[in-house]
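Student: Chains as they are written, first to last, in this note's numbering: chain A, 114 to 372; chain B, 2 to 614.
I am attaching a structure below and will ask some questions about it afterwards.
In structure tokens form, the structure reads like this:
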């Protein structure tokens, strides 16, 4: 049985959401990618964001990370509105995109040095060393991205994201291209980050991962919220499904993909 | 072939549609209109400027009497180039196809020759654009001249391109043959080329010996000496060999001669057209295995875009070096300057400045005693002056370690907690710093040349002279030092302006900007260069004018009103006076860039951009 979703009870901190999205709308090129999406994620919570291709998951996360401005709606990070207080919000946030975007000319250590200064991490050098050790990248500390495997790059991106101890961690397809061992490490990292008090949103097509790691699930389709809640809460929406139906079954029902 | 033509047609339609969709945004519409207006100035020059100065088109029209000589020389140059080309034993069987096209089209039931033909037709976009630009800039606004130049340049470039592809495929084919056969064929070609030129040598020597001395009145004599009739009479073998070359370049020269009738012009394109058809058949019927080489070429092109391979060669020790130490706390924007400086070089800034100054000082002292040859001083002065003037102007064009590279990582940099204007300033600073350092190096060269000039009786001086130094009551070296102190802040301000404009363009028209380190000669890139060039000239005019007025007012008050002489020590202060308005403009543009950065929506123009790495 997945560790967290089964019988999970909301922590008390849920009353003070670290991530608050209200009626988010994003339209580009005449296409309504996100259509009035609202959600909240409390301290220490992990929210799984799932949906079919083109459902608006990545666009939602990009709006949440301040990469693209929303057409309308409001995004708040740790109580700071992303539109009116972008710097305060960004200081508390870390975003791991679906592709490990790194700077070709910077070594592994350079990346962490850069992020230390950008986020003003006082113990930056020591924390960088610790993260490198933890990620198994110590031997690659002077390697350029072109000399790293896909998994190593992903680890480095995550290390950069965790360097400033973010209060909100946003991961877009974090397991893409990882081998089984790296996947297991990534899942542990996500859980540990939440246990340490951060709010986490994970977008993924790997429904087993979401089921295993996340406290709650948000299913989106065509930019709109379809269902949100714990696995048990979602099951209640479909009285005809088995009592132990997995997320894949529920996802198919919720998005109409099984018809 | 029909599906491939359909693919070409749809690709073109897709590009045009994408371009038209961009026009919905006012900023792209304004940019296009500005570009079109600028290009129209060339087409409408005769109308716009009744008493215009001689343009390139007019100059070309005035060289009629040189045409016979130029045509022969051109044919000879083409013959020599082609011979050397064939002597070079290496070549790749690569065609201009993208990785996607290769992966989709190679497994498809498409005939081999059709695929090669498709690749050849696809490469025509670049050729056509090149012809358009050459015709536009050289036709002086005359429509008939434009059309003829376009056609003849197209014929030449297409033939050149086809010949290159054919030769590449032929050489690559040798690698597929047994070694002995391949070497035999190579030997035959090389021997053939050498033999032809050995046979031609006496004729060339005879013609060369009869050439008149070059001066303003030798055009007719030179034309006669190199006329086809004389070549046929004196060196028939040479004339025969040059005949196909004349066919290729002949139409272009026919267009230059104003009295060539239209029928004559049209007749002149018959042979090149036949050559073109023959070349095309030669290439498309090639049996060389081009697939692997083409895929490799496509991959290399893609790899050049992100330049990742370049950094693998950096030595381990160098990987620990940085322009300066970056402490974990402090102004966050400095981290971006640090990062982007490293994209250009990892040399420590203090070492570059201190070491450079020490080298200049020591060299200046040494040459002050030893002196240098006059010609070397002249070269150093010209190079130094050019570097000092051109480097800051070209800063934004030459170095791309700014937003143009960082926009590829928009998902990373956009999340950084930095104000818009600080982000913009930090992006502009690295190219400006590097350009200023290079300009300072050029200034150092000027200083060394000045020190050497003091020790000898040098006669060539650029920017400064002993007379000027004497009139200001200082030595030449002191004047050069003061001149550098005056110029360097100005250089830094101009370099900043140049980089600022390029980054503003990147934020205003992201879809038009080529991202990454690589500069290309694509149509969009040339258009962008033209627009930023105009912008830079205008901004410099606006920025320098107040400074010039301030300096002028100061001089007027000092020299005419107060009757105080100008002293050399004032120069740096005058320089700073000129810098202030420029700095204000850069500051204002930086604020504007910050606003653009804050308001940037990269959804379509960057994140969904085709080919984003």
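C-beta: ideal position from N, C-alpha, C; glycine also.
All of these numbers come straight from a predicted model, not from anything done at the bench.
Go ahead and label residue 149(B) buried or exposed: buried means 16 or more other beta carbons lie within 10 angstroms of its beta carbon, across all protein chains shown.
Tutor: buried
Student: Please confirm if residue 268(A) has its CB atom under 7 Å from at least one CB of chain B.
Tutor: no
Student: Are there 16 or more other CB atoms within 10 angstroms of the CB of residue 548(B), so buried, or fewer, so exposed?
Tutor: buried
Student: From what residue to what residue does the alpha helix (DSSP H) around residue 345(B) run?
Tutor: 334-345
Student: Which of the three DSSP states, helix, strand or coil, is assigned to residue 318(B)?
Tutor: coil
Student: Chain A beta carbons: is any one of them nearer than 7 Å to that of residue 555(B)?
Tutor: no
Student: Would you mind telling me which residues of chain A sit closer than 9 Å to residue 297(B), beta carbon to beta carbon, in chain order?
Tutor: Within chain A, no residue comes near residue 297(B); the closest Cβ sits about 18 Å away, beyond 9 Å.
Student: In the DSSP output, what is residue 135(A) paired with across the bridge?
Tutor: For residue 135(A), which the question treats as bridged, DSSP gives the partners 187(A).
Student: Counting only Cβ pairs nearer than 7 Å, list the residues of chain B close to residue 226(A).
Tutor: 327
Student: Measuring alpha carbon to alpha carbon, tell me which residue in 430(B), 232(B), 203(B) and 578(B) is nearest residue 345(B).
Tutor: 430(B)
Student: Can you give me the Cβ contacts of residue 124(A) inside the same chain, cut-off strictly under 8 Å, excluding the 5 residues immediately before and after it?
Tutor: Unreliable positioning characterises residue 124(A) in this predicted model, as indicated by a pLDDT of 44, which lies under 50. A coordinate reading is not provided.
Student: Per DSSP, which residues does residue 153(A) bridge with? Please list them.
Tutor: Beta-bridge partners of residue 153(A) (DSSP): 133(A).
Student: Any beta carbon from chain A within less than 7 Å of residue 12(B)'s own beta carbon?
Tutor: Cβ-Cβ to chain A under 7 Å: no for residue 12(B).
Student: Looking only at C-alpha atoms, which of 342(B), 456(B), 379(B) and 18(B) sits nearest to residue 367(B)?
Tutor: 456(B)
Student: Assuming the contact rule is C-beta atoms closer than 8 Å, residue 595(B) and residue 421(B) should be a hit. Round their C-beta distance to whole Å, please.
Tutor: 4 Å
Student: At the level of alpha carbons, what is the spacing between residue 242(A) and residue 130(A)?
Tutor: 32 Å
Student: From residue 244(B) to residue 494(B), what distance separates their C-alpha atoms?
Tutor: 56 Å
Student: Using a Cβ cut-off of 7 Å (strictly closer), state whether residue 340(B) contacts chain A.
Tutor: Taking Cβ atoms only, chain A reaches closer than 7 Å to residue 340(B), which makes this a yes.
Student: Evaluate residue 146(B) with the Cβ neighbour count: other Cβ atoms within 10 Å of its Cβ, from every protein chain shown; 16 or more gives buried, anything less gives exposed.
Tutor: buried
Student: Just verifying my parser: in three-state terms, what is the DSSP assignment at residue 332(A)?
Tutor: strand
Student: Within 10 angstroms of the Cβ of residue 557(B), are there 16 or more other Cβ atoms? Answer buried if so, exposed if not.
Tutor: exposed
Student: So which residues on chain B does residue 230(A) lean against when the C-beta distance must stay under 8 Å?
Tutor: 327, 328, 329, 330, 331, 333, 335, 336 and 339
Student: Our contact map puts residue 575(B) next to residue 552(B) with C-beta atoms below 8 Å; I'd like the distance itself, whole angstroms only.
Tutor: 5 Å
Student: Which residue wins for smallest C-alpha separation from residue 210(A), given the options 288(A), 236(A), 184(A) and 367(A)?
Tutor: Comparing Cα-Cα distances from residue 210(A) to each of 288(A), 236(A), 184(A) and 367(A), the minimum goes to 288(A).
Student: Please list, in chain order, all residues of the same chain as residue 200(B) whose beta carbon is under 8 Å from its beta carbon, the five residues on each side excluded.
Tutor: 238
Student: Straight-line CA distance for residue 298(A) to residue 322(A)?
Tutor: Distance between the alpha carbons of residue 298(A) and residue 322(A): 12 Å.
Student: Which of helix, strand or coil does DSSP assign to residue 227(B)?
Tutor: coil
Student: What three-state label does DSSP hand residue 257(A) in the structure shown?
Tutor: In this structure, residue 257(A) counts as coil in the three-state DSSP scheme.
Student: Our contact map puts residue 312(A) next to residue 281(A) with C-beta atoms below 8 Å; I'd like the distance itself, whole angstroms only.
Tutor: Their Cβ separation, rounded to whole angstroms, is 5 Å, which keeps residue 312(A) and residue 281(A) in contact under 8 Å.
Student: Taking Cβ-Cβ distances shorter than 8 Å, what residues in chain A pair up with residue 603(B)?
Tutor: 180 and 181
Student: Report, in whole angstroms, the separation of the C-beta atoms of residue 177(B) and residue 289(B), which I expect to be a contact under 8 Å.
Tutor: 7 Å
Student: Alpha carbon to alpha carbon, what distance is there between residue 498(B) and residue 373(B)?
Tutor: 37 Å
Student: What does residue 284(A) pair with, by DSSP beta-bridge criteria?
Tutor: 209(A) and 315(A)
Student: For the beta strand (DSSP E) that contains residue 161(A), what are its first and last residues?
Tutor: 159-163
Student: How many angstroms separate the CA atom of residue 29(B) from the CA atom of residue 496(B)?
Tutor: 26 Å
Student: Sort 336(A), 350(A) and 348(A) by Cα distance to residue 164(A) and report the nearest one.
Tutor: 336(A)
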